[in-house]
Structure formats: C-alpha cells, structure tokens
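For reference, the structure discussed in these notes is given below.
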Amino acid sequence: MTDVRLAAGDLAPDFTLPDQDGSPVTLSSLRGQRVVLYFYPAAMTPGCTTEACDFRDSLNSFAGAGVRVVGVSKDDVPKLKEFAERDGLNFPLLSDTDLAVQQAYGAWGEKQLYGKTVTGSIRSTFLVDEEGRIAKPMYNVKATGHVARIRKELGLDG
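Each residue of the sequence shown is one higher than the one before, starting from 1 at the first, in the UniProt record's numbering.
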C-alpha cells in the first residue's frame, strides 16, 4: 500500500513493464511525446472494458495530437493478450503483477468498493508531458466519461 500522490510538475516515475505481447515498454523511451498513462483494476471487467474501449475509439484523435495511450494493470501478460484480442485494443496494456509501478504512482491502496474499504488498484490517469513530467494527475476517476474528460483536457474536442 502507498500514500504516494504525484502532483503536476513531478517527474513521472520511470519503469519498464511487459505489454500484452510480452514486449518491454519503458516510459522514458516515450519522451518527446505526450502520454496518457492510465491504471485500471482488472482486464475484462465491465468498467475497465468500457474505459479501454473508449480509449480505443479515441485513439486516432490522440495519435493525431501526438499523444500515446498506455494502460497498466496487475493482470498477467496472457490475460492482457486475451483482453486486447477480445476487444480490439490497439495500444499497449502493461502488466504490473508485482504492483511496483502502481505503488510508485499512488494507484494502489485503500479505496471504497460497494461501501466497504478494500485494498486494490485505484483507477487513476496521468497526463505525462514531452519531458516526462506529470502534467495532470487524476486519482479515483470513473470509467464512464473519463476519456471524454481527458480529450477535453488535451484540447482534442472543439
């Protein structure tokens, strides 16, 4: 569990994690472009599927604005591969099975689930600028409507 909370201007903690194909992805290798780094609780659950499909459906506009989308969960590589194939997800889904990256970003900890306090993944998104700094941290976001909010934040909608 972590009490970490990143703020705008903080250097985004660097990491290397395997994607759904088992290929390593390193955050610092994406410098020079903006990154939407989002953490979600579990592949193939209703809310996480909604959020991932919203990112998928907006990917062309993100790419056109020079923004990469990267998802991170505690799921293992085979589960991420199944998720990506099932829902046609065409962006990296990274496997953080030891929770080190989620903890570094403050995306793992206590949260409310159906009125109970549990420990788990905290749905969070970070806009990372071209220099690798946090432009905007967003904790405890909702799956539905979240991508539209990010699109607006990045100036992608009118």
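Think of the CB as a built atom: it goes at the ideal place given N, C-alpha and C, for glycine as much as any other residue.
What do you get for residue i, buried or exposed, if any count of 16 or more other CB atoms within 10 angstroms of its CB means buried?
i: residue 40; result: buried
i: residue 118; result: exposed
i: residue 110; result: exposed
i: residue 19; result: buried
i: residue 46; result: exposed
i: residue 51; result: buried
i: residue 74; result: buried
i: residue 124; result: buried
Residues in its own chain within less than 6 Å of residue i by CB, not counting five upstream and five downstream?
i: residue 147; result: 54, 55, 58
i: residue 83; result: 43, 44
i: residue 126; result: 37, 134, 137
By how many angstroms is the C-alpha of residue j removed from the C-alpha of residue i?
i: residue 142; j: residue 134; result: 20 Å
i: residue 153; j: residue 21; result: 30 Å
i: residue 91; j: residue 60; result: 11 Å
Less than 8 Å between the CB atoms is what I'm expecting for residue i and residue j, so what's the real figure, rounded?
i: residue 95; j: residue 70; result: Not a contact, Cβ separation roughly 12 Å.
i: residue 122; j: residue 107; result: 5 Å
i: residue 137; j: residue 11; result: Their Cβ separation, rounded to whole angstroms, is 12 Å, which puts residue 137 and residue 11 out of contact at 8 Å.
i: residue 34; j: residue 66; result: 6 Å
i: residue 80; j: residue 93; result: 4 Å
Just to confirm my understanding: we take residue i, look at its own chain, exclude 5 residues before and 5 after, and list those with CB closer than 8 Å. What are they?
i: residue 24; result: 16, 17, 18
i: residue 28; result: 14, 132
i: residue 86; result: 44
i: residue 3; result: 106, 109
Taking C-alpha atoms, which residue in the options lies nearest to residue i?
i: residue 128; options: 81, 14, 3; result: 14
i: residue 26; options: 149, 82, 68, 114; result: 68
i: residue 157; options: 64, 97, 85, 91; result: 64
i: residue 89; options: 48, 126, 152; result: 48
i: residue 130; options: 36, 22, 3; result: 36
i: residue 38; options: 98, 116, 120, 102; result: 102
So, for residue i: in the same chain, excluding its five sequence neighbours on each side, which residues have a beta-carbon less than 7 Å away from its beta-carbon?
i: residue 99; result: 74, 108
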